[in-house]
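Trainee: I have a structure here, written as structure tokens, and I will follow up with some questions on it.
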Ligand SMILES: C[S@@+](CC[C@H](N)C(=O)[O-])C[C@H]1O[C@@H](n2cnc3c(N)ncnc32)[C@H](O)[C@@H]1O
């Protein structure tokens, strides 16, 4: 019987197998290429997330990487809020946790190592961020379904994908998938080098039947 790691690594290059990485998973050391002190000039977290997050909320950062947005989310939810930060790579989670400790924010953030196909969350949350991660996920439909199972009825999922890796057509397919899974789709904020969409879960009668009305990726 193979372990989940062995199953996940099947068919990958020996280096990627050794590092336990999927075909597109960003290696932890590459995280520093975009998560560096200059990033705040490009991705101002308050400008990107401020309209979605309020003090006291519970929010999730999927594919938290080195924690750039997890730390910003922890400041936005304040001492009475919670951030759940998840990543498949233990090295990312370790570094993100140590950054949180240095900034005195560790007591507001629950760091978890998730599996490639399951986040493992059940408690309701107000907001979910998936920044530059959906294109790395092997089963985006499973991810979108799992998120809708724990996102509060008025909660929102913000997906941002990197323009360099994700074409307009590929992003449109992700948006279409989110729509078919049962999310209401609306335009996301302007984020440099990114394509964005905001997805809100719809339930029962409200679930979409036809195509998406108004969306330009
Ligand atoms: C390009 S990095 C972005 C990191 C972070 N969101 C940021 O913007 O700084 C993508 C991250 O997603 C993680 N990842 C890839 N597949 C994942 C999955 N199925 N579930 C959770 N995290 C995943 C990778 O390990 C990596 O840390």
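Numbering (the working numbering), first residue to last: 89 to 305.
Each residue gets a CB set at the ideal place from its N, CA and C atoms; glycine is no exception.
Whole angstroms are fine: how far does the CA of residue 300 sit from the CA of residue 260?
Mentor: Within the chain shown, the letter at position 172 stands for residue 260. Within the chain shown, the letter at position 212 stands for residue 300. Rounded to whole angstroms, residue 260 to residue 300 spans 10 angstroms at the Cα level.
Trainee: Spatial neighbours of residue 178 within its chain, please: C-beta separation below 7 angstroms, excluding the five flanking residues on both sides.
Mentor: Counting from 1 along the chain shown, the entry for residue 178 is found at position 90. Result list for residue 178: 201, in chain order.
Trainee: Under 7 angstroms between the Cβ atoms of residue 168 and residue 192?
Mentor: As a position in the chain shown, residue 168 is number 80, starting the count at 1. As a position in the chain shown, residue 192 is number 104, starting the count at 1. Cβ distance not < 7 angstroms, so residue 168 and residue 192 don't count as in contact.
Trainee: Taking the alpha-carbon positions, what's the residue 265 to residue 273 distance?
Mentor: The residue labelled residue 265 in the question sits at position 177 within the chain shown. The residue labelled residue 273 in the question sits at position 185 within the chain shown. Their Cα atoms are separated by approximately 10 angstroms.
Trainee: How long is the line joining the alpha carbons of residue 43 and residue 225, rounded to whole angstroms?
Mentor: There is simply no residue 43 to check, as the chain begins at 89 and stops at 305 in what is shown.
Trainee: With respect to the alpha helix (DSSP H) encompassing residue 161, which residues constitute its N-terminal and C-terminal limits?
Mentor: Within the chain shown, the letter at position 73 stands for residue 161. Its alpha helix (DSSP H) spans residues 156 to 165.
Trainee: From residue 236 to residue 289, what distance separates their C-alpha atoms?
Mentor: Working through the chain shown from its first residue, we reach residue 236 at position 148. Working through the chain shown from its first residue, we reach residue 289 at position 201. If you take the alpha carbons of residue 236 and residue 289, they lie about 6 angstroms apart.
Trainee: Determine the DSSP secondary structure at residue 30, reduced to helix, strand or coil.
Mentor: Only positions 89 to 305 of the chain appear in this structure, which leaves residue 30 out of reach.
Trainee: For residue 241, does the count of other Cβ atoms within 10 angstroms reach 16, so buried, or fall short, so exposed?
Mentor: In the chain shown, counting from the first residue as 1, residue 241 sits at position 153. The residue in question, residue 241, is exposed, as its Cβ has fewer than 16 Cβ neighbours within 10 Å.
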